[in-house]
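Asks: Numbering (this note's numbering), first residue to last: 2 to 168.
1. Using DSSP bridges, identify the partner residues of residue 81.
2. Pick out whichever of 86, 102, 153, 138 has its Cα sitting closest to the Cα of residue 62.
3. Considering Cα atoms alone, identify which of 48, 55, 148, 113 is closest to residue 101.
4. Buried or exposed: which applies to residue 108, given that a residue is buried once 16 or more other Cβ atoms fall within 10 Å of its Cβ?
5. Quickly, what does DSSP pair residue 97 with across the bridge? List them, please.
6. To which residues does DSSP link residue 160 through a beta bridge?
7. Suppose you measure from the CA of residue 106 to the CA of residue 33; what does that come to, to the nearest Å?
8. Since residue 113 and residue 22 are thought to touch, with beta carbons under 8 Å apart, how far apart are those beta carbons, to the nearest angstrom?
9. In this structure, does DSSP put residue 177 in helix, strand or coil?
10. I need the boundaries of the beta strand (DSSP E) containing residue 20, first residue and last residue.
11. Between the alpha carbons of residue 14 and residue 27, how many angstroms are there, rounded?
12. Under a three-way DSSP split, which group does residue 155 fall into?
13. For residue 58, does the three-state DSSP call read helix, strand or coil?
14. Drop a sphere of 10 angstroms on the beta-carbon of residue 166, count the other beta-carbons inside from all chains shown, and report buried for 16 or more, exposed for fewer.
15. By the three-class DSSP mapping on this structure, what secondary structure does residue 147 have?
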């Protein structure tokens with residue numbers, strides 16, 4: 002009897018939806034695009050809000066976000082991640098909001114983190130040394146000094162020719 006007393010509230014308050022999170026590959030190189038997908042599974046009658054995320058750190062950025070729809074209903078979001086540092090990373094924290102039928106907050110689901118590795122391009126090639134440093138490029142000045150001096154000399158010579166011509 003005690004078992005039924007505890008089992009009924011657990012069944013009544015259990016969540017009908019679950020969140021899955023996966024990436025297209027676990028090993029990428031610096032600057033490669035990694036596709037991270039977060040989808041909801043379960044009861045499709047829930048009202049789900051997928052918030053947009055803006056993560057831009059020194060080592061990881063989200064370049065693009067697209068919603069995944071089926072029958073004009075959003076059931077997931079797809080992110081394009083780019084890592085700019087080597088090492089082992091986890092996907093960022095992402096929470097979706099499950100809403101009641103009147104669009105009030107019911108509960109939140111947090112996506113499970115997915116680990117991925119970012120490798121350097123130098124480790125995969127036979128390059129053992131860096132390329133030589135290039136020579137510096139000439140920089141154009143903001144104020145054209147040479148052209149200004151030539152225009153002043155040209156005007157002075159025209160004035161001198163006119164003065165000589167008049168006398």
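Where a beta carbon is used, it is the ideal one built from N, C-alpha and C, also for glycine.
Replies: Checking against the coordinates, here is how it stands:
1. 36, 65
2. Of the candidates 86, 102, 153, 138, the one whose C-alpha sits nearest the C-alpha of residue 62 is 86.
3. 48
4. exposed
5. 110
6. DSSP, once it has assigned bridges, lists no residue as partnering residue 160.
7. 37 Å
8. 5 Å
9. A query on residue 177 cannot be resolved here, the shown segment of the chain reaching from 2 to 168 and no further.
10. 18-24
11. Reliability of the predicted coordinates at residue 14 is poor, the pLDDT of 48 falling under 50, and the value obtained from them is presented with this limitation in mind. Roughly 35 Å separates the two Cα atoms.
12. helix
13. DSSP places residue 58 in coil when its eight states are reduced to three.
14. Classification of residue 166: exposed, given that the 10 Å Cβ count is below 16.
15. helix
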